[in-house]
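Take the sequence shown: its position 170, counted from the start at 1, is 174 in my numbering, and no numbers get skipped.
The C-beta atom is built at its ideal place from N, Cα and C for all residues, glycine as well.
What you are looking at is a predicted structure, and each value in this text was computed from that prediction instead of being measured.
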Amino acid sequence: MKTISIIIPTFNESENIVKLIRQILKIKSVSIQEVIVVDDDSPDKTGYIVKKVFHQNDRVVCYVRKGEPDLGKSILMGIEHARGDVVVGMDGDFNHDVRIIPTLIDVLSSADLVVASRFVTGGGMQKKTRYWISYFFNLVLKNLFRFPIIDNTSGYYAVSAKKLHSLDLKSIYHGYGEYCLRLLFYAKQMGFHIKTVPVYYTARSYGVSKSHFFRMVYTYTYTAILLNLTSKTKVQ
Ligand SMILES: Nc1nc2c(ncn2[C@@H]2O[C@H](COP(=O)(O)OP(=O)(O)O)[C@@H](O)[C@H]2O)c(=O)[nH]1
Ligand SMILES: [Mg+2]
5 MKTISIIIPT
15 FNESENIVKL
25 IRQILKIKSV
35 SIQEVIVVDD
45 DSPDKTGYIV
55 KKVFHQNDRV
65 VCYVRKGEPD
75 LGKSILMGIE
85 HARGDVVVGM
95 DGDFNHDVRI
105 IPTLIDVLSS
115 ADLVVASRFV
125 TGGGMQKKTR
135 YWISYFFNLV
145 LKNLFRFPII
155 DNTSGYYAVS
165 AKKLHSLDLK
175 SIYHGYGEYC
185 LRLLFYAKQM
195 GFHIKTVPVY
205 YTARSYGVSK
215 SHFFRMVYTY
225 TYTAILLNLT
235 SKTKVQ
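In structure tokens:
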């Protein structure tokens with residue numbers, strides 16, 4: 005059975021993370037080798053709480069980054085420490101339904117990268133306004149900017165560790181959620197076999213979202229344009 009490393013970046017998730025890790029560790033149908041939490045030195049002490057609660061559990065590892073918070077670099081740090089055959093990336097706030105982890109792994113047996121998608125049959129999002137904005141944005145990404153699937157901003161995925169390491173990870177994993185656009189764009193460019201499975205995003209259980217709407221639209225659009233321009237230059 006393939007071993008799995010689950011990577012969860014956190015910032016102020018003290019009320020969610022312990023419960024979330026406990027739910028993940030209960031999954032028995034797939035082999036979860038480790039849950040790696042990378043915390044950006046959260047003021048609410050998320051990282052220290054994880055270390056304290058799970059200090060006797062060698063399947064739970066927590067790194068606390070110091071300095072400038074960076075979601076993408078946090079995930080990269082997790083990837084660099086991951087030892088599993090498969091890497092799963094997910095949020096630490098219950099947006100991403102833990103119960104579909106076995107499905108992601110199952111579908112990965114015939115793919116290189118499996119993305120949990122809100123915009124396929126069976127998928128969705130509790131927050132309706134955000135759902136429609138994300139859907140429209142993703143239509144543009146797919147049809148205008150040549151992105152491979154219909155949910156390129158998901159952030160919940162399973163990928164073969166070997167394939168993942170064939171990509172230039174430092175150029176992908178930095179900044180905020182736009183790392184996801186770079187991951188999918190380069191995965192397509194490198195000929196990854198990409199599949200999707202439906203997911204329903206529930207609203208976060210506690211705490212507040214770190215996403216800033218206008219900043220995200222600007223950064224994601226800029227990233228999509230840049231990826232298209234640089235890839236066209238490469239082809240010429
Ligand atoms: N390490 C780290 N994690 C972050 C940062 N910003 C957000 N996160 C985490 O990334 C995940 C997604 O962030 P969230 O605020 O839920 O964004 P949303 O799902 O788009 O509303 C959550 O687990 C957050 O705790 C950051 O700067 N550093
Ligand atoms: Mg979230």
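Integer-rounded CB distance, given that residue j should sit under 8 Å from residue i
i: M129; j: Y205; result: 4 Å
i: P13; j: G88; result: At roughly 17 Å, the Cβ-Cβ gap does not stay under 8 Å, so P13 and G88 are not in contact.
Cutoff 8 Å; reference residue i; Cβ partners in own chain excluding five residues on either side
i: K131; result: Y205 and A207
i: A86; result: S9, I11, E38, I40 and A165
i: L171; result: L187, Y190, A191 and M194
Candidates the options: closest to residue i by CA position
i: A295; options: S33, S46 and N156; result: Residue 295 falls outside the range modelled here, since the chain spans only 5 to 240, and no answer is possible.
i: M81; options: V118, V90, V91 and Y67; result: Y67
i: L117; options: S209, Y160 and Y135; result: Y160
i: S18; options: Y210, L233 and L231; result: Y210
i: H100; options: V203, R134, V221 and I229; result: V203
i: T234; options: V90, V221, S213 and R150; result: R150
i: I83; options: K49, K167 and G126; result: K167
i: V54; options: R134, L108 and L24; result: L24
i: D110; options: A162, D74, N232 and S78; result: A162
i: Y226; options: V212, G181 and S213; result: G181
i: R122; options: S158, Y52 and F196; result: S158
CA-to-CA distance, residue j to residue i, given in whole angstroms
i: I21; j: F218; result: 27 Å
i: K6; j: L185; result: 26 Å
i: K30; j: I104; result: 13 Å
i: V201; j: A120; result: 5 Å
i: L187; j: G71; result: 24 Å
i: V64; j: F140; result: 37 Å
i: L143; j: K174; result: 27 Å
i: K146; j: I154; result: 6 Å
i: V124; j: Y135; result: 12 Å
i: I137; j: T223; result: 15 Å
i: S78; j: K214; result: 15 Å
i: V212; j: D45; result: 16 Å
Contact set for residue i: own chain, Cβ-Cβ below 6 Å, skip 5 residues either direction
i: V102; result: Q27 and I28
i: G76; result: Y177, H178, G179 and Y183
i: G36; result: Looking at the sequence shown, residue 36 is not Gly but Ile. The answer, listed in chain order, is I8.
i: P152; result: L188, K192 and I198
i: L231; result: F189
Cβ-based neighbour list, residue i, same chain, cut-off 7 Å, excluding 5 preceding and 5 following
i: L108; result: V92, V118, A120, A162 and V201
Near ligand 2, which residues have their beta-carbon less than 5 Å from any of its heavy atoms, given in chain order? Going by the Cβ distance cut-off, the answer is D95, D97 and N99.
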